[in-house]
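Numbering (the UniProt record's numbering), first residue to last: 1 to 264.
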């Protein structure tokens, strides 16, 4: 597995914490060079310095808010100006909001859709041609368990992740035998800053460790899967729509997620 990543340059968004930080650590340990992107310049610079010092790889930190329109184009131009050309892309950055839909600020909804859908799509579009030209590459798009059914009280987030799953699987099918792999990674609740930033701290489900999610991704890449649900329990949750009506599944999910509301 190490040969797949050694000497490759990997762009990781949302790299300063949680799953993104874990991807950064594990890929650096495998000998990959890193382009780390997130809003927090202090945390990002510290991470880049630590990983380059520990593993002898090159780690470039780029502080950028990817939730604003045109961010993907600015990031791509920044990389071009610095002579950086990623061999692999991990679209990990994402935001969600736990609340009744009508209570969410419109600007927050726009940021959520921009980051989770537009930036992810545009970065993939900007970087894919060079991967195809080289005849090799890897794109991991981090979706979610919410991609498999609508998510009451996280309606926008769930819808964006359904897009990520559908988009990634379509590109997997388009690019078979062209040298570029696509994987939609679908974790459930994971230990990260997401719960605090999304207002979902009250959800009391068992949370996976980021390393479990990252290891599931590496295994799926080796198996050339088009998607991977991280965690056995999450896998069976993802199968509910196959055995129950959509209405029944929605009622189950609504009861589960209602517990995360601050005001019910």
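For each residue, glycine too, the CB sits at the ideal point set by N, CA and C.
On the CB-based measure, 16 or more other CB atoms within 10 Å of its CB, does residue 105 come out buried or exposed? Here residue 105 is taken as the residue at index 105 of the chain shown, counted from 1. Answer is exposed; the Cβ neighbour count stays below 16.
Hey, could you find the ends of the alpha helix (DSSP H) residue 248 is sitting in? The residue labelled residue 248 in the question sits at position 248 within the chain shown. Its alpha helix (DSSP H) spans residues 246-258.
Inspect the beta-carbon positions of residue 19 and residue 210 and report whether they are closer than 8 Å. Taking the chain shown and counting its residues from 1, the one referred to as residue 19 is at position 19. Taking the chain shown and counting its residues from 1, the one referred to as residue 210 is at position 210. Closer than 8 Å, so yes.
What are the boundary residues of the beta strand (DSSP E) that includes residue 137? Your numbering for residue 137 matches position 137 in the chain shown. Start and end: 137-142.
Quick one: is residue 107 buried, meaning 16 or more other Cβ sit within 10 Å of its Cβ, or exposed? On the chain shown, position 107 is the one that residue 107 refers to. Under this definition residue 107 is an exposed residue.
Which term fits residue 181, buried or exposed, when burial requires 16 or more other beta carbons within 10 angstroms of its beta carbon? Here residue 181 corresponds to residue number 181 of the chain shown, with the count starting at 1. Sixteen is the threshold: when 16 or more other Cβ atoms of the shown chains lie within 10 Å of the Cβ of residue 181, as they do, the residue is buried.
Integer Cβ distance of residue 92 from residue 14, believed to fall under 8 Å: Here residue 92 is taken as the residue at index 92 of the chain shown, counted from 1. Here residue 14 is taken as the residue at index 14 of the chain shown, counted from 1. Residue 92 to residue 14, Cβ: 4 Å. Contact.
Below 8 Å, how does it come out for the region 117-130 and the region 212-228: are there three or more Cβ pairs, yes or no? Short answer: they don't touch.
Uninterrupted alpha helix (DSSP H) stretches inside the region 126-185 (no shorter than 4 residues): Entirely contained in the region 126-185, the alpha helix (DSSP H) runs reaching 4 residues are, in chain order, 155-174.
Are residue 156 and residue 114 closer than 8 Å when you measure CB to CB? The count along the chain shown starts at 1 and reaches residue 156 at position 156. The count along the chain shown starts at 1 and reaches residue 114 at position 114. Their beta carbons are not under 8 Å apart, which means residue 156 does not touch residue 114 by this criterion.
Which residue from 64, 31, 165 and 40 puts its Cα closest to that of residue 53? If you number the chain shown from 1, residue 53 lands on position 53. Checked all of 64, 31, 165 and 40; the closest Cα to residue 53 is 31.
Quick test of your reading: residue 63 and residue 95, contact by CB under 8 Å. State the CB separation rounded to the nearest angstrom. Residue numbering aside, residue 63 sits at position 63 when the chain shown is read from its first letter. Residue numbering aside, residue 95 sits at position 95 when the chain shown is read from its first letter. Contact between residue 63 and residue 95 does not hold, since the beta-carbon distance rounds to 17 Å and is not under 8 Å.
Per DSSP, residue 208 is paired with what? Translated into the one-based positions of the chain shown, residue 208 becomes position 208. Note: residue 208 sits in a beta bridge opposite 190.
Tell me whether residue 91 sits in a helix, a strand or coil according to DSSP, three-state version. The residue given as residue 91 occupies position 91 in the chain shown. Residue state for residue 91 is assigned as strand, using DSSP reduced to three classes.
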